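Visitor: Below: one structure in structure tokens.
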Amino acid sequence: MRTTVDLINLSPLVPLEGDVPQRVWTGKEVSYEHLRVFGCKAYVHVPKDERAKLDDKAKPSIFMGYGREEFGYRLWDPIARKIVRSRDVIFLEDETSEDVERVEKKKNTAVGPLNLEPISPSQMHENVEEVVHDEPQGALDQEVQGEEQEEQVEEE
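In our numbering, each residue's number is its place in the sequence shown (first place is 1) plus 15.
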């Protein structure tokens, strides 16, 4: 609700003859640089003292609105399941909260422990998968025919 009110106060209104309420009340020029797309994907910076050496420097989150009395943005942290306030944020305004949810699902899918037991050479051949090339068969045939023609020309 707060975000909606902020946007209305920054929009030109007909009763004010096209002027912006924020400019009328404060007498100052209005800046639109801080405005972001609601619900877009964002990355919140994690300070050094709150992370380990190999932890990520930023956490994925979803933009929810603007700070009330304090400066900054309000963001939803889907991993911790709480609202976070931060001013150190990178926004990806062309991506939505659905993209963040897809990343969460990938992280939540557990991969079993790796089997590091040694295997015999005969077992290695059983586990080999056949590699399928993306090139159509006709393209390979043309290459072979081209090479055969070059060999014939060289022989003559």
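All C-beta atoms, glycine included, are put in the ideal place defined by N, C-alpha and C.
None of these values were measured; they are calculated from a predicted model.
1) What are the complete beta strand (DSSP E) segments, minimum 3 residues, inside the region 85 to 109?
2) Quick one: grab the DSSP three-state call for K74.
3) Please report the straight-line C-alpha distance between W91 and F106, rounded to a whole angstrom.
4) State the beta-bridge partners of K56 as determined by DSSP.
5) Taking K74 as the reference, give the member of G82, I98, V61 and E44 with the closest Cα.
6) When DSSP labels each residue in this structure, what does K68 get in the three-state scheme?
7) When DSSP labels each residue in this structure, what does R38 get in the three-state scheme?
8) Taking C-beta to C-beta, are V104 and A67 nearer than 7 Å?
9) Does DSSP classify K43 as helix, strand or coil?
10) What does a CB cutoff of less than 6 Å around E108 pick up in its chain, not counting 5 residues either side in sequence?
11) Whose C-beta lies closer than 8 Å to the C-beta of I199 among residues of the same chain, with five residues either side of it excluded?
Guide: Walking through what the data contain:
1) 88 to 92 and 97 to 101
2) DSSP, read as helix, strand or coil, puts K74 in strand.
3) Approximately 13 Å, taken between the alpha carbons.
4) I77 and L107
5) Among G82, I98, V61 and E44, the Cα nearest to that of K74 belongs to V61.
6) Per DSSP, reduced to three states, the secondary structure at K68 is coil, with no helix or strand assignment.
7) helix
8) no
9) K43: coil per DSSP, three-state reduction.
10) V52 and C55
11) Beyond the ends of the chain as shown, which are 16 and 171, falls residue 199; an answer cannot be given.
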